[in-house]
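Each residue of the sequence shown is one higher than the one before, starting from 1 at the first, in the UniProt record's numbering.
Each residue gets a CB set at the ideal place from its N, CA and C atoms; glycine is no exception.
For reference, the structure is listed below as structure tokens.
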Amino acid sequence: MAAVIVQNMSFKAGQTLTITGVPNTDATNFAINIGHEQDIALHLNPRFDAHGDQNTIVCNSYQGGCWCDEIRGGNFPFQPGQEFKMMITFNAEEFQVTLSDGSVINFPNRPRDTKYRHFKFEGDARINGIEIK
Numbered sequence: 001m002a003a004v005i006v007q008n009m010s011f012k013a014g015q016t017l018t019i020t021g022v023p024n025t026d027a028t029n030f031a032i033n034i035g036h037e038q039d040i041a042l043h044l045n046p047r048f049d050a051h052g053d054q055n056t057i058v059c060n061s062y063q064g065g066c067w068c069d070e071i072r073g074g075n076f077p078f079q080p081g082q083e084f085k086m087m088i089t090f091n092a093e094e095f096q097v098t099l100s101d102g103s104v105i106n107f108p109n110r111p112r113d114t115k116y117r118h119f120k121f122e123g124d125a126r127i128n129g130i131e132i133k
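Set out below in structure tokens:
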């Protein structure tokens, strides 16, 4: 499956990035990456059945060529074939991801940047909309 890549976007602290999409009916996992060309500030990876995890959301960051410590989220509101909506906001300290069921994942903004320009989506889902406000 082809990745969706948005470069030179302007996603600034205090803004909200809203993503809607639909996981494939046979989805194993998909990932949303926000950051810069090489480094990823937020890697959000809902896993239906992948990498030894089932119905788990794994968050991480990638800095200086290395993955950092994973943080696993609580609720898993994703269903194959059913639309999801995520709203992501951030400040210099952390990202806040609000999921379709209203649950929230807080993840540290490890690079502490206040503007990100690179968005990449890949895996077993179709993106229907990306909006920054």
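DSSP lists Lys115 as the bridge partner or partners of Lys12. Around the beta carbon of Ser61, 16 or more other beta carbons lie within 10 angstroms, which makes this residue buried. In summary, Ala125 is buried, with 16 or more beta-carbon neighbours lying within 10 Å of its beta-carbon over all protein chains present.
Per the DSSP secondary-structure output, Asp53 pairs in a beta bridge with Ala50. DSSP, read as helix, strand or coil, puts Ser103 in coil. The beta-bridge partner set that DSSP reports for Pro108 consists of Glu94. Phe90 is not a Cβ neighbour of Val4, given a cutoff of 8 Å.
One Cα belongs to Asp49, the other to Ile105, and the distance between them is close to 20 Å.
By DSSP's assignment, Asn45 forms a beta bridge with Val58.
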